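*Asks:*
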Amino acid sequence: MSSLKVIFNKMPPEAQQHYSEIIQTLISFGIYTVQDLQQCSNDADFCKRTNIPHNVLCQLQQHISYEVSACLQKSAADLWEQEQCSSLGIALSTGNPLLDQALSSKLGSDNITEIYGLEPIEKLEICLNMLLSMEETDREILVYYVDMGNRFDAYQLQELYLSPKYQSYRERGIVYQPVGSVIENNMANPAIVP
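To convert a position in the sequence shown, counted from 1, into this note's numbering, add 315.
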């Protein structure tokens with residue numbers, strides 16, 4: 316049960332100032348929870364005993380209900396998940412400083428980013444570089460690669476990832492120049508789309 320005083324303290328200052336005497340009166344009459352307030356707000360006899368006008372009591376109940384619903388928008392599971400995601404703090408590098416800069420440093424691990432407009436092999440390079448950057452973390456991470464054109468399957472991805480060319484890039488931390496040149500060209504000559 317939600318304490319009436321706790322919910323009252325979450326109200327805006329002007330509402331607190333307006334209802335402070337009424338809350339004190341309610342507490343003196345044994346109304347300690349939001350549930351108690353809901354039960355007594357329809358009782359005309361209660362309004363007479365407390366000298367609180369019925370319409371003021373209904374307005375207070377509306378304000379309190381609004382504050383309670385604002386508190387309940389996130390469940391405990393949502394709050395826990397949010398805390399866990401923020402504590403992970405994994406940021407995935409695309410392997411290209413210019414692209415990382417364009418994406419506000421790095422891609423976060425708790426969101427979805429669509430990369431389009433590049434050639435398929437260049438998008439693949441970005442995905443592989445992200446995989447390489449994830450190897451530095453000690454956490455297990457699940458990655459999905461989606462090829463909308465059906466030009467690339469999991470076997471080809473595994474084959475490319477295990478190829479000597481990518482092994483040497485991984486060991487040296489080098490990325491392909493074509494991705495950088497495409498991004499440099501796009502940043503130097505931005506296209507305006509109507």
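Beta carbons: idealized from backbone N, C-alpha and C, even for Gly.
Given the structure is predicted, the values throughout are model-derived calculations rather than measurements.
What separation, rounded to the nearest whole angstrom, lies between the Cα atoms of proline 368 and asparagine 357?
*Replies:* Going from the Cα of proline 368 to the Cα of asparagine 357 covers about 12 Å.
*Asks:* Leaving aside the five residues before and after isoleucine 346 along the sequence, list all residues of the same chain whose C-beta is less than 8 Å from its C-beta, in chain order.
*Replies:* Closer than 8 Å at Cβ, skipping near neighbours: Leu319, Leu352, Cys355.
*Asks:* Need the endpoints of the alpha helix (DSSP H) that asparagine 366 sits in, please.
*Replies:* That residue, asparagine 366, is in no alpha helix (DSSP H); it is neither H nor E in DSSP.
*Asks:* In whole angstroms, give me the CA-to-CA distance for aspartate 393 and lysine 363.
*Replies:* Answer to the nearest angstrom: the Cα atoms are 43 Å apart.
*Asks:* Which two residues bound the contiguous alpha helix (DSSP H) that contains leucine 319?
*Replies:* Looking at the DSSP string, the run of the alpha helix (DSSP H) that includes leucine 319 is 319 to 324.
*Asks:* Can you list, in chain order, the residues of its chain whose CB lies under 7 Å from that of threonine 348, leaving out five sequence neighbours each side?
*Replies:* Cβ within range, chain order: Met316, Ser317, Ser318, Leu319.
*Asks:* Rounded to the nearest angstrom, how far is the Cβ of tyrosine 334 from that of leucine 372, given a contact under 8 Å?
*Replies:* Between leucine 372 and tyrosine 334 the Cβ distance is about 10 Å, and since that is not below 8 Å, they are no contact.
*Asks:* Taking C-beta to C-beta, are glutamate 382 and isoleucine 342 nearer than 7 Å?
*Replies:* Contact flag unset, no.
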